[in-house]
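Chains as they are written, first to last, in my numbering: chain S, 152 to 404; chain X, 81 to 385.
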């Protein structure tokens with residue numbers, strides 16, 4: 152965990168107003184794990200004041216990528232970054248995915264910008280394991296397939312792929328999922344994670360989810376990102392420090 | 081050897097420099113120690129402690145506002161017992177004054193917490209939080225009540241020989257009236273200010289952006305208010321003041337000292353740049369040298385009005 156001034160290499164615009172920020176930073180690129188995140192200070196000014204948390208999207212040599220959409224002031228500034236701009240990064244933060252293990256098929260489930268952490272995870276999953284991806288969005292515009300593998304798509308309005316949500320789409324493939332020893336890795340809106348948790352409990356699937364929360368510091372001191380634990384209801388877990396990746400059975404979504 | 085003497089005195093307390101880390105922005109020290117050498121800091125104020133552990137408020141607890149942030153953490157903390165057993169051992173490894181912040185729901189609870197904690201020799205002083213805006217019982221209910229603040233000060237003082245600092249709320253008409261009663265009842269210093277009550281709404285859902293509806297506003301947005309409150313106390317009451325409120329750089333520290341602070345606390349900035357407090361020490365020294373100030377404490381209350 153360190154605070155470091157890194158250099159922006161470029162901003163790449165994918166389809167649908169989704170951006171990738173490529174940053175040169177060997178210290179982070181060589182140490183970060185899939186599912187961990189970085190807290191980024193978008194400007195030196197006091198507005199926006201707080202850092203913005205982003206999951207690591209991918210790593211290439213001494214470079215890493217963050218994925219974002221333009222949502223508010225902070226991301227607007229990020230989208231305007233140019234080659235050579237410096238950027239203040241705090242990280243790596245949190246716990247990543249446990250992708251090494253006894254399963255033969257990794258099932259990626261992503262809703263909207265929840266696609267962000269998966270290019271790096273997919274790269275790191277050991278050879279010999281299968282990877283299949285289920286990607287959801289409200290409409291075709293929110294579907295992000297960047298660097299995903301063996302993709303099936305669901306949209307709420309049916310404008311692309313299966314009409315319905317991504318968990319309903321998983322259910323359509325239940326027989327196939329049950330034939331393999333799978334582990335699900337998911338990220339997306341809470342409504343999706345909630346439905347997915349129920350689906351995993353009913354079918355007894357292993358599942359890790361990457362959660363999201365408003366937060367200030369990202370390393371455990373502000374206490375701003377509580378999430379309810381199933382094991383001890385007298386105490387919250389913190390998304391930043393105990394997560395952002397959790398076994399779906401350990402949290403109440 | 082330092083040419084400038086950065087050490088400051090706050091009542092009976094001595095600090096190697098005026099920079100303390102504010103309660104609720106430094107946890108119990110262990111996370112911060114990854115970013116800075118705690119031995120170089122003036123002092124650490126712990127997260128508010130209550131007699132029993134507190135779960136705190138449900139999410140969403142935090143939202144950013146222009147040049148500030150609202151928080152409604154709800155005093156989530158491990159409680160006095162776990163603090164003494166599990167958190168203090170780490171802090172003891174450092175040579176840095178440790179101030180325990182206490183928050184309670186009743187006067188008796190303040191007294192009970194102080195009684196237990198005062199036995200621990202690693203604790204240098206207490207900061208009594210009578211001004212948390214985010215809990216139903218205690219907190220601002222006390223912070224807005226002059227006689228309650230007086231009574232808490234008196235009762236806490238009666239069970240400890242250690243210095244007692246009272247952290248006051250800015251959400252009152254005359255903060256100096258509260259400082260006056262703290263002094264009258266034997267309090268050793270004032271921390272000013274705690275956060276300002278604020279709120280924010282989502283214009284699409286029309287719901288408040290934090291679950292508690294209101295929260296405490298901190299960050300640079302509140303600095304001018306904090307400076308005015310420090311000045312008011314300085315002009316009306318003879319009691320040492322620890323200035324708090326939106327400090328982002330070394331110039332802000334100088335400003336707070338000019339307005340009347342003997343020391344200062346850094347809060348929200350710890351979330352953004354946890355290494356900042358150390359980075360500022362050098363600049364404080366340079367400022368003093370440039371202005372031919374031998375002891376930084378000479379700045380306290382040096383306003384030219």
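For every residue, glycine included, the Cβ atom is placed at its ideal position computed from N, Cα and C.
Contacts of residue i in chain X (Cβ-Cβ under 7 Å)
{"i": "residue 370 of chain S", "result": "111"}
{"i": "residue 197 of chain S", "result": "147, 300 and 328"}
{"i": "residue 364 of chain S", "result": "139"}
{"i": "residue 345 of chain S", "result": "Near residue 345 of chain S there are no residues of chain X at all, since even the closest Cβ is about 15 Å away, more than 7 Å."}
Backbone secondary structure at residue i - three-state DSSP
{"i": "residue 364 of chain X", "result": "helix"}
{"i": "residue 351 of chain S", "result": "helix"}
{"i": "residue 331 of chain S", "result": "coil"}
{"i": "residue 404 of chain S", "result": "coil"}
{"i": "residue 343 of chain S", "result": "helix"}
{"i": "residue 374 of chain S", "result": "coil"}
{"i": "residue 205 of chain S", "result": "strand"}
{"i": "residue 83 of chain X", "result": "coil"}
{"i": "residue 377 of chain X", "result": "helix"}
{"i": "residue 237 of chain S", "result": "strand"}
{"i": "residue 168 of chain X", "result": "helix"}
{"i": "residue 357 of chain X", "result": "helix"}
{"i": "residue 145 of chain X", "result": "strand"}
{"i": "residue 230 of chain X", "result": "helix"}
{"i": "residue 123 of chain X", "result": "strand"}
Chain X residues whose Cβ lies nearer than 8 Å to that of residue i
{"i": "residue 375 of chain S", "result": "141, 142, 151 and 153"}
{"i": "residue 386 of chain S", "result": "133 and 135"}
{"i": "residue 157 of chain S", "result": "Ordered by position in chain X, no residue passes the 8 Å Cβ test against residue 157 of chain S, which lies about 15 Å from the chain."}
{"i": "residue 192 of chain S", "result": "352 and 353"}
Residue j beta carbon less than 8 Å from that of residue i
{"i": "residue 229 of chain X", "j": "residue 268 of chain X", "result": "no"}
{"i": "residue 324 of chain X", "j": "residue 306 of chain X", "result": "yes"}
{"i": "residue 177 of chain S", "j": "residue 275 of chain S", "result": "no"}
{"i": "residue 306 of chain S", "j": "residue 314 of chain S", "result": "yes"}
{"i": "residue 153 of chain X", "j": "residue 375 of chain S", "result": "yes"}
{"i": "residue 236 of chain X", "j": "residue 208 of chain X", "result": "yes"}
{"i": "residue 302 of chain X", "j": "residue 104 of chain X", "result": "no"}
{"i": "residue 327 of chain X", "j": "residue 311 of chain X", "result": "no"}
{"i": "residue 347 of chain X", "j": "residue 102 of chain X", "result": "yes"}
{"i": "residue 100 of chain X", "j": "residue 125 of chain X", "result": "yes"}
{"i": "residue 108 of chain X", "j": "residue 171 of chain X", "result": "yes"}
{"i": "residue 170 of chain S", "j": "residue 209 of chain S", "result": "no"}
{"i": "residue 258 of chain S", "j": "residue 287 of chain S", "result": "no"}
{"i": "residue 84 of chain X", "j": "residue 376 of chain X", "result": "yes"}
{"i": "residue 338 of chain X", "j": "residue 379 of chain X", "result": "yes"}
{"i": "residue 234 of chain S", "j": "residue 160 of chain S", "result": "yes"}
According to DSSP, residues forming a beta bridge with residue i
{"i": "residue 359 of chain S", "result": "S/336 and S/398"}
{"i": "residue 205 of chain X", "result": "X/179"}
{"i": "residue 218 of chain S", "result": "S/171"}
{"i": "residue 257 of chain X", "result": "Residue 257 of chain X pairs with nothing; no bridge assigned."}
{"i": "residue 89 of chain X", "result": "X/94"}
{"i": "residue 99 of chain X", "result": "X/344"}
{"i": "residue 387 of chain S", "result": "S/379"}
{"i": "residue 157 of chain S", "result": "S/238"}
Chain S contact residues for residue i, given Cβ-Cβ distances below 8 Å
{"i": "residue 350 of chain X", "result": "368 and 372"}
{"i": "residue 156 of chain X", "result": "374, 377 and 387"}
Under 9 Å from the C-beta of residue i: neighbouring residues of chain S
{"i": "residue 114 of chain X", "result": "152, 153 and 370"}
Residue i: contacting residues in chain S (beta-carbon distance under 7 Å)
{"i": "residue 107 of chain X", "result": "371 and 372"}
{"i": "residue 353 of chain X", "result": "154"}
Contacts that residue i makes with chain X (C-beta to C-beta distance below 9 Å)
{"i": "residue 201 of chain S", "result": "142, 144, 149, 299, 348, 351 and 352"}
Cβ of residue i within 8 Å of any chain B Cβ
{"i": "residue 324 of chain S", "result": "Looking for chain B here will not work: the only protein chains present are S and X."}
Which whole runs of the beta strand (DSSP E) in the segment 254–324 of chain S are 3 residues long or more, in chain order? DSSP runs (the beta strand (DSSP E)) wholly in the segment 254–324 of chain S: 256–262, 281–288 and 302–306.
Just list the alpha helix (DSSP H) runs in the segment 260–331 of chain X, keeping only unbroken ones of 4 residues or longer that don't cross its boundaries, in chain order. Runs found: 303–316.
Taking the runs of the alpha helix (DSSP H) that are 4 residues or longer, which of them lie wholly in the segment 171–197 of chain S? Scanning the segment 171–197 of chain S for uninterrupted alpha helix (DSSP H) segments of 4 residues or longer gives 177–180, listed from N- to C-terminal end.
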